[in-house]
Amino acid sequence: LSPDEDGICSGRYFSESGLVGLLEQAAELFSTGGLYETVNEVYKIVIPILEAHRDFRKLTLTHSKLQKAFDSIINKVLGQKRMFGTYFRVGFYGSKFGDLDEQEFVYKEPAITKLPEISHRLEGFYGQCFGEDAVEVIKDSAPVDKKKLDPNKAYIQITFVEPYFDEYEMKDRVTYFEKNFNVSRFMYTTPFTMDGRPRGELSEQYKRNTILTTMHAFPYIKTRINVIQREEFILTPIEVAIEDMRKKTQELTAATNQEPPDAKMLQMVLQGSVGATVNQGPLEVAQVFLAEIPADPKLYRHHNKLRLCFKEFIMR
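When you line the sequence shown up against the UniProt record's numbering, it's residues 1 to 316, in that order.
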């Protein structure tokens, strides 16, 4: 719709009833798409209009649709079957891409889409454009050095990313829906060591956290959005250990508090966390980082954080 278009203001949608009709259609589509919480937000606009017209028949129908939406939320929460999508960062490198060269996008794919699936699809699509031999997928998430790339080829780097929120944001994003709606920041991690290897011993394992900000928030009318900002944070080996211990504690908490209880899931989490055969598990972390109190005051702060992480983990 454009205000410059002749006769637009006299169209059938440019009226109160037209607005209500469009909003009701939007609510139906949100419900079909599984975004039941947004159905409530749409009807918050519709209900006052219906009340002003004393249209009790439509009010009855509207509230019955709201009840259906809320029932769906309750059933989905109890069944834990809601899946809103999977996100991937896609970077394009090479003069063959033209304006897309060195551009990054976040793609939203259907739920439980695997990395090989999107890789195969994009490789096939751009292979048809430039030739199969001219397209190559970069397998890792490390920073791309264009000097090492073949100028006659088109390179695509695909990385799985997850929605990212600051700690203060998590207070308002409690439900699974809230953590997957109006999302514009994403994170992926790249493990590395100072000698260039991606993996190493606990004492030499660093991690690079990369946070991407998109131009618009998902869900959006398009399934890919430009990345307009990137931030990088380097975690030292002891900070990596702290993050891993916190993650193990969260997994253990979720498994023990699950309703109804799932013994198999709890057993898997316990085996992965405290099993004697687990490499780089809590025992090895404690031996490497907590055996001695560090003299450096900066390291002592992280040392104390790690001790508190172990305390919370043991209490679970």
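Cβ atoms here follow ideal geometry from the backbone N, Cα and C, with glycine treated the same way.
Contact check between the segment 125-136 and the segment 51-62: fewer than three CB pairs, one atom from each, fall below 8 Å, which does not count as touching. Annotation: the continuous alpha helix (DSSP H) that includes Val20 extends over 16-32.
Val90 carries a strand assignment under DSSP once its states are collapsed to helix, strand and coil. Here Thr210 carries a strand assignment [DSSP, helix/strand/coil].
The closest CA to that of Phe233, considering only Thr210, Thr249, Phe218, Leu252, is found on Thr210. Boundaries for Ser141: no beta strand (DSSP E) harbours it, and the DSSP string shows neither H nor E there. Only residues of its own chain outside the window of five on either side were considered, and among them Pro282, Val285, Leu306, Cys309, Phe310, Phe313 have a CB closer than 8 Å to the CB of Met245, listed in chain order. Assigned with DSSP and collapsed to three states, Phe310 falls in helix. Val174 counts as exposed, since fewer than 16 other beta carbons sit within 10 angstroms of its beta carbon. Taking a contact as a CB-CB distance under 8 Å, the pair Ile156 and Phe105 does not count as one, their CB atoms being some 11 Å apart.
Residue pairing for Glu162: DSSP places it in a beta bridge opposite Met187. Straight through space, the alpha carbons of Glu123 and Val137 are spaced by roughly 7 Å. Bounds of the alpha helix (DSSP H) holding Val285 are 282-289. Taking all protein chains shown into account, Arg89 has 16 or more neighbouring C-beta atoms within 10 Å of its C-beta and is therefore buried. In the DSSP secondary-structure assignment, Lys222 is not bridged to any residue. Per DSSP, reduced to three states, the secondary structure at Ile156 is strand. Residue pairing by DSSP puts Ile234 in a beta bridge opposite Arg208. Contact check for Thr189 against Ser141 passes: the beta carbons are separated by less than 9 Å.
Remark: fewer than three beta-carbon pairs, one from each stretch, lie closer than 8 Å, so the segment 40-55 and the segment 176-196 are not flagged as touching.
The bridge partners DSSP lists for Phe105 are Val90, Asn226.
Thr249 counts as buried, since at least 16 other C-beta atoms from the protein chains shown sit within 10 angstroms of its C-beta. Under DSSP, the beta-bridge partners assigned to Glu136 are Tyr155. Counted as a single uninterrupted DSSP element, the alpha helix (DSSP H) harbouring Asn40 occupies residues 36-52.
For the pair Leu22 and Glu41, the Cα-to-Cα distance works out to about 14 Å. In this structure, Thr236 and Tyr206 form a Cβ contact; the two beta carbons are roughly 7 Å apart against a cut-off of 8 Å. For Val227 and Asp101, the gap between their C-alpha atoms comes out near 13 Å. Scanning its chain for C-beta atoms nearer than 6 Å, with the 5 sequence neighbours on each side dropped, one finds no residue around Ile112. Of the candidates Phe97, Arg82, Tyr36, Glu239, the residue whose Cα lies closest to the Cα of Lys68 is Tyr36.
Closest in alpha carbon position to Ser17, among Thr32, Ile47, Asp166, is Ile47.
Partner residues in the beta bridge of Phe192, as assigned by DSSP, are Tyr206. Under the 10 Å beta carbon count, Tyr107 is surrounded by 16 or more other beta carbons and is classified as buried.
Closest option to Met83, judged by alpha-carbon separation, among Lys148, Asn180, Lys153: Asn180. When rounded, the separation of the alpha-carbon atoms in Pro116 and His63 is 44 Å.
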